[in-house]
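J.: Residues in the first sequence are numbered consecutively from 11, following the numbering used here. Got a structure for you, written out below as structure tokens; questions coming shortly.
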Amino acid sequence: MAQLDQETKQQEENSLSTVYNPQSVEGRIYEFWEEGGFFKADPDSKKPPFSMVLPPPNVTGSLHLGHAWDNTLQDIIVRFKRMSGFDAVWVPGTDHAGIATQARVEKAIRETEGKTRHQLGRTEFVKRVWDWKNEYGHTITTQIRALGGSCDWSRERFTMDDGLSRAVREVFVRLYDKGLIYRGHRIINWCPRCSTALSDIEVEHVDVEGTLYHVRYPFSDGVGEVVVATTRPETMFGDVAVAVHPDDERYQSFIGRTLALPFTDRQIPVIADEYVDREYGTGCVKITPAHDPNDFEVGERHHLDQPSCINLDGTMNSLAGRYQGLTREEARRQLVEDLRGSAYLIQEEPLTHAVGHCSRCQTVVEPFLSDQWFVRMEPLAKPTLEAVRSGQLRFVPERFEKVFVNWMESVRDWCISRQLWWGHRIPAWYCDDCGEITVSRDNVTECSHCRSKSVSQDEDVLDTWFSSALWPFSTMGWPEETPDFKRYFPTSVLATGYDILFFWVARMVFMGIEFTGKVPFRDVVLHGLIRAADGRKMSKSLGNGVDPLDVIGQYGADALRFTIANGTSPGNDQRFSFERVESSRNFINKIWNASRFVLMNIPADFVPFNLSKVPLGITDEWILTRYAETAREVTNHLERYDFGEAGRALYDFAWDEFCDWYIEFSKLALYGDDEQAKHTTQTVLVTVLGGLLRLLHPIIPFVTEEIWQAQHGTDASISVAPWPDAKTMPTYPESVSKVQLLMEAIRAVRNIRAERNVAPGKPIDLYVRARDEDSLRLFHSTESYLRRFCTAQTLTIAVGMEAPATAVTAVVSAGELFVPLESLVDLAQERDRLTKERDRLIQEVDRVEKKLNNANFVARAPEAVVVAEREKGKDYAMKLFAVNERLKALLNE
RNA sequence: GCGGCUGUAGCUCAGAGGGAGAGCACCACCUUGACACGGUGGGGGCCAUAGGUUCGAUUCCUAUCAGCCGCACCA
11 MAQLDQETKQ QEENSLSTVY NPQSVEGRIY EFWEEGGFFK ADPDSKKPPF SMVLPPPNVT
71 GSLHLGHAWD NTLQDIIVRF KRMSGFDAVW VPGTDHAGIA TQARVEKAIR ETEGKTRHQL
131 GRTEFVKRVW DWKNEYGHTI TTQIRALGGS CDWSRERFTM DDGLSRAVRE VFVRLYDKGL
191 IYRGHRIINW CPRCSTALSD IEVEHVDVEG TLYHVRYPFS DGVGEVVVAT TRPETMFGDV
251 AVAVHPDDER YQSFIGRTLA LPFTDRQIPV IADEYVDREY GTGCVKITPA HDPNDFEVGE
311 RHHLDQPSCI NLDGTMNSLA GRYQGLTREE ARRQLVEDLR GSAYLIQEEP LTHAVGHCSR
371 CQTVVEPFLS DQWFVRMEPL AKPTLEAVRS GQLRFVPERF EKVFVNWMES VRDWCISRQL
431 WWGHRIPAWY CDDCGEITVS RDNVTECSHC RSKSVSQDED VLDTWFSSAL WPFSTMGWPE
491 ETPDFKRYFP TSVLATGYDI LFFWVARMVF MGIEFTGKVP FRDVVLHGLI RAADGRKMSK
551 SLGNGVDPLD VIGQYGADAL RFTIANGTSP GNDQRFSFER VESSRNFINK IWNASRFVLM
611 NIPADFVPFN LSKVPLGITD EWILTRYAET AREVTNHLER YDFGEAGRAL YDFAWDEFCD
671 WYIEFSKLAL YGDDEQAKHT TQTVLVTVLG GLLRLLHPII PFVTEEIWQA QHGTDASISV
731 APWPDAKTMP TYPESVSKVQ LLMEAIRAVR NIRAERNVAP GKPIDLYVRA RDEDSLRLFH
791 STESYLRRFC TAQTLTIAVG MEAPATAVTA VVSAGELFVP LESLVDLAQE RDRLTKERDR
851 LIQEVDRVEK KLNNANFVAR APEAVVVAER EKGKDYAMKL FAVNERLKAL LNE
């Protein structure tokens with residue numbers, strides 16, 4: 011045992027290990043890349059530029075599979091472009107993620123010191139967040155490295171960097187000056203738990219089982235009543251009116267009368283407004299302007315008060331009388347009970363309705379009336395829609411254009427102020443003396459209107475997406491006209507998940523157009539969501555999340571990347587399963603071992619032939635052709651962002667054709683006596699492997715680099731090796747069809763062996779009846795392959811030979827193969843076999859004949875299709891004839 | 001309500017106007033001088049349903065059914 015261990019160890023030291031071990035490779039390779047500066051862009055380069063920005067992840071977050079997905083796709087793109095001769099830059103960076111980061115640091119401080127942020131004070135708290143960022147802010151960028159991301163780290167940015175913060179202020183001031191940013195007293199979405207305003211898209215509408223309460227509001231004079239229907243009775247303390255439709259005949263006489271609001275001493279009028287739907291509920295709507303956006307508008311029209319009855323923390327205020335201090339939920343429960351008891355409540359109707367929830371913490375959002383900052387969207391949306399319609403912005407897959415346009419067309423003003431401490435503070439100062447607002451790029455010490463020194467800055471910060479929206483140009487140095495900005499903006503491609511199409515992509519587009527006059531990227535590549543193996547969303551609460559770092563640790567980054575890339579079909583979700591990662595790992599191991607084989611069979615001082623100057627065998631020509639075709643396909647797929655298809659083409663070529671067939675074919679020459687043929691084969695092996703590695707490199711960068719190093723020494727990196735250019739590669743279609751015939755024959759014999767339980771190693775006598783002179787030449791020229799792959803001790807090839815007695819027959823396109831068996835051939839079994847084959851062929855022949863007999867088909871189908879169909883027909887007919895002959899012979903025995 | 005996606009082998013999913021594919025699983029055989037994370041051979045599918053376009057539809061169009069996702073909501 012000890013000896014064996016030692017042997018294995020020695021073996022590993024001497025040559026590449028038989029099992030690829032990513033853990034011992036990937037870290038070293040990434041360091042090599044980073045130290046070599048291979049990913050650094052060069053603005054002075056003569057190459058054409060290609061640029062991308064990384065969607066900035068949360069600086070204090072850690073990598074999840076969604077990141078892994080778009081990072082992998084982006085890395086594939088940028089590596090492909092870099093190898094294709096572009097000065098490619100991929101700008102990385104992180105996002106300050108206002109709410110998430112603040113909440114996280116608050117929690118940490120609460121747990122360690124038992125203090126709230128208010129106890130620490132704003133300055134101290136912000137300092138703590140920076141400390142946190144400095145300590146944990148490298149986690150995610152380290153993880154992107156572990157994944158193999160070929161980012162230009164010298165250009166790394168953070169949304170709260172000085173430069174980017176300057177860009178934020180510049181944008182704010184310019185929009186304010188143009189009237190595109192304003193401060194307004196409006197109903198916004200308020201999250202009582204995060205205690206901040208949210209934008210419309212940060213609210214998720216979830217269907218909830220609720221109740222429609224029918225509540226009696228008596229008239230003040232004691233004569234009669236109206237019945238209002240509401241899902242939120244607790245807001246009645248903020249009611250200022252009850253509205254009915256002006257044309258509603260039932261309620262004409264009510265309009266203008268006064269109601270006594272139950273449980274209060276307040277009197278509210280009945281008003282008429284067309285907003286009311288006569289069909290819904292009772293046709294009487296209580297109007298609560300401070301707690302409902304529609305009511306707010308009704309209130310504005312009728313110049314009504316806007317009293318709030320709920321505090322920012324979600325509890326009831328003094329207007330709610332004895333319910334003061336209760337939470338919204340408790341107040342509702344209590345109130346409903348009291349209403350029941352007091353006979354105000356006349357009906358409770360179950361109702362499913364959509365209720366807004368905070369997308370971050372799932373708390374029910376409170377529509378709240380407050381002063382907030384908004385971006386006026388209409389003037390920004392217009393040029394954006396124009397850019398999409400004119401094709402300056404391309405979506406992959408296309409269908410997202412429609413989604414994007416729909417959203418843009420109906421977008422409402424964007425609430426950008428957040429009641430947080432972590433973020434870009436709004437550059438607006440209020441004057442205590444004249445009450446005017448001063449908005450400025452620089453910090454303000456005196457009011458620009460009245461010169462008063464008594465000014466104070468707005469307490470709020472901006473929505474994190476406000477700074478993310480500037481990312482493609484703020485990272486390039488804007489508003490300065492830096493060399494990077496001039497060369498790399500607008501960027502070439504943006505790749506991200508469709509879940510942030512509105513949050514991020516849309517906003518980058520209109521900000522880009524507004525401030526640079528350009529769409530910030532040409533192509534938007536959108537991928538879906540990674541789901542758990544059972545198809546459910548991965549989530550913390552379900553505990554079914556998979557940590558990409560665990561996957562990398564277990565299987566290697568390449569396996570994860572290959573899995574994700576191969577699972578990508580444009581715009582669709584994919585399920586993650588370890589079975590698929592395993593199969594990727596196996597593929598990588600296959601590449602590793604194929605490479606080992608090639609390296610083992612090439613002398614250290616090997617000088618390859620010039621393949622255009624030496625005679626090639628048909629298998630050489632075949633694999634070179636298939637290599638060229640694969641290179642062309644993969645290139646096309648990558649250019650169209652068809653990552654899954656690219657991966658599949660490579661998988662099939664590498665495994666089925668290069669490994670299973672060519673490497674096996676090559677052994678004949680490698681272990682043979684013909685030095686010239688051996689050298690040719692070695693050259694082909696090296697050529698195809700080298701090309702294959704380069705084609706694979708964007709998807710699985712580590713293993714391909716490791717092999718490349720073993721093959722070429724350590725001076726250069728495959729990451730900057732030239733992309734295989736299919737246009738310059740010769741192809742040999744004739745050899746391809748010949749090798750196909752050869753493979754068909756080999757498979758047929760293997761099939762006979764398997765069916766007849768003839769051990770693969772057991773030699774047979776093989777008789778080959780060639781169909782014609784061409785086939786005869788083919789079989790003769792491939793004799794050595796037939797012998798080896800059929801394990802034939804004797805091989806007899808002829809046209810028109812007599813079938814040997816007691817032989818099993820296989821009919822192939824180039825002729826018939828006879829394998830005489832020592833044991834008696836079971837005639838019945840053989841007849842069954844051939845009869846099955848005959849039936850299949852008859853079907854095929856019928857199908858083809860039907861087609862060819864159809865005059866319309868021959869007249870209207872493309873010439874090539876008709877020709878191909880005729881060829882097929884001939885092939886089937888010949889095979890059928892041969893099978894029938896053989897059956898006849900068997901019946902005579 | 002409006003919009004979109006998905007429905008193909010037991011499972012997960014590709015695919016393309018002209019002979020149904022992969023991975024995993026399954027069956028049989030094989031340690032053959034790169035690889036058992038391997039090799040060889042094999043079984044398995046009216047490509048959701050109904051119409052239409054077409055010489056030809058699993059693929060394009062329409063409708064239906066089923067599942068999923070956005071957006072908008074009348075309390």
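Virtual Cβ for every residue (Gly too), placed ideally from N, Cα, C. Note that the structure is predicted; figures quoted are calculated from it, not measured.
Under 8 Å Cβ to Cβ from Asp323, same chain only, skipping five residues before and after it: list those, please.
T.: Here the set comprises Pro202, Ser205.
J.: Hey, which unbroken runs of the alpha helix (DSSP H) at 4 residues or more fall wholly within the region 325-407?
T.: The qualifying runs are 338-351, 388-399.
J.: Short check: CB of Glu36 to CB of Phe712, under 8 Å?
T.: Yes. Within cutoff.
J.: Is it the case that the region 108-125 contacts the region 52-62, given that we only count it when at least three CB pairs across the two stretches are under 8 Å?
T.: With the cut-off at 8 Å, the region 52-62 and the region 108-125 do not touch.
J.: Could you round the C-beta distance between Ile297 and Asp249 to whole angstroms and report it? I think they count as a contact, below 8 Å.
T.: Contact flag correct, Cβ pair sits at about 6 Å.
J.: Within 10 angstroms of its Cβ, does Asn864 collect 16 or more other Cβ (buried), or is it exposed?
T.: Exposed.
J.: Residues in the same chain with beta-carbon distance under 8 Å from Glu419, minus the five sequence neighbours each way, listed in chain order, please.
T.: So the list reads Ala391, Leu395, once near-sequence residues are dropped.
J.: Just to confirm my understanding: we take Gly883, look at its own chain, exclude 5 residues before and 5 after, and list those with CB closer than 8 Å. What are they?
T.: These residues qualify, in order along the chain: Val855, Val858, Glu859, Leu862.
J.: When you compare the CB positions of Val778 and Glu847, do they come within less than 8 Å of one another, or not?
T.: Not in contact: Val778 and Glu847 (Cβ atoms no closer than 8 Å).
J.: Look up Pro32 in the DSSP assignment and say whether it is helix, strand or coil.
T.: Helix, per DSSP.
J.: Using CA coordinates, which residue listed in Ile278, Pro872, Ser209 is at the minimum distance from Trp514?
T.: The option with the nearest alpha carbon to Trp514 is Ser209.
J.: Indicate the three-state DSSP secondary structure (helix, strand or coil) for Glu289 in the structure shown.
T.: DSSP places Glu289 in coil when its eight states are reduced to three.
J.: Taking C-beta to C-beta, are Val178 and Leu472 nearer than 8 Å?
T.: Yes, these two residues count as a Cβ contact at 8 Å.
J.: Kindly give me the distance between the Cβ atoms of Pro299 and Gly291, rounded to whole angstroms, as I take these residues to be in contact under 8 Å.
T.: No, Pro299 and Gly291 are not in contact; Cβ-Cβ is about 19 Å, not under 8 Å.
J.: What is the residue span of the alpha helix (DSSP H) that Arg176 lies within?
T.: Start and end: 172-187.
J.: For the alpha helix (DSSP H) that contains Tyr440, what are its first and last residues?
T.: Segment 438-441 is the beta strand (DSSP E) holding Tyr440; no alpha helix (DSSP H) there.
J.: Could you give the distance in angstroms between the alpha-carbon of Leu890 and the alpha-carbon of Glu744?
T.: Approximately 25 Å, taken between the alpha carbons.
J.: Can you tell me which residues form a DSSP beta bridge with Leu837?
T.: BP columns for Leu837 are empty, so no partner.
J.: With distances taken between CB atoms, is the gap from Ile574 to Val696 smaller than 8 Å?
T.: Against a cut-off of 8 Å, the Cβ pair of Val696 and Ile574 comes out as no contact.
J.: Between the alpha carbons of Glu23 and Leu559, how many angstroms are there, rounded?
T.: With a pLDDT of 40 at Glu23, under the threshold of 50, the modelled position of this residue cannot be trusted; read the value that follows with caution. Straight-line Cα distance between these residues: approximately 28 Å.
J.: Return the CA-CA distance between Glu826 and Ser549, expressed in angstroms with no decimal places.
T.: Each residue's alpha carbon lies about 60 Å from the other.
J.: Whose CA, out of Arg451, Gly103, Arg260, Trp718, lies closest to the CA of Ala731?
T.: Measuring from the Cα of Ala731, the nearest candidate turns out to be Trp718.
J.: Mapping DSSP to helix, strand and coil, what is Val69?
T.: In the structure shown, Val69 sits in coil (DSSP, three-state: anything other than H, G, I, E or B).
J.: Leu900 and Glu840: beta carbons closer than 8 Å?
T.: Cβ distance < 8 Å, so Leu900 and Glu840 count as in contact.
J.: From Leu706, Val644, Glu524, pick the residue whose C-alpha is nearest to that of Val385; which is it?
T.: Of the candidates Leu706, Val644, Glu524, the one whose C-alpha sits nearest the C-alpha of Val385 is Glu524.
J.: Could you tell me whether the Cβ atoms of Ile601 and Ala664 are closer together than 8 Å?
T.: Going by C-beta atoms, Ile601 is nearer than 8 Å to Ala664.
J.: Measure the C-alpha to C-alpha separation of Ala113 and Asn144 and round it to an integer number of angstroms.
T.: Rounded to the nearest angstrom, the two C-alpha atoms are 17 Å apart.
J.: Mapping the DSSP letters down to three states, classify Ser587 as helix, strand or coil.
T.: Looking at Ser587 - three-state DSSP - the assignment turns out to be coil, as it is neither helix nor strand.
J.: In whole angstroms, what separates the C-alpha of Trp431 from that of His224?
T.: Distance between the alpha carbons of Trp431 and His224: 42 Å.
J.: For a test of the three-state rule: what should DSSP assign to His106, helix, strand or coil?
T.: Three-state DSSP puts His106 in coil, outside helix and strand.
J.: DSSP three-state call for Val250: helix, strand or coil?
T.: Coil at Val250, not helix or strand.
J.: Contact between the region 681-696 and the region 610-630 is defined here as three or more beta-carbon pairs at a separation below 8 Å; is this criterion met?
T.: Taking 8 Å as the limit for Cβ pairs, the verdict is that the region 610-630 does touch the region 681-696.
J.: With DSSP collapsed to three states, give me the class of Cys457.
T.: DSSP places Cys457 in coil when its eight states are reduced to three.
J.: Under 8 Å, with one C-beta from each stretch per pair, do the region 491-501 and the region 528-546 reach the 3-pair mark?
T.: Judged by Cβ distances under 8 Å, the region 491-501 makes contact with the region 528-546, as three or more pairs qualify.
J.: Roughly how many angstroms separate the alpha carbons of Leu536 and Ala679, rounded to a whole number?
T.: Each residue's alpha carbon lies about 48 Å from the other.
J.: Does DSSP put Gly883 in a helix, a strand or coil?
T.: Helix at Gly883.
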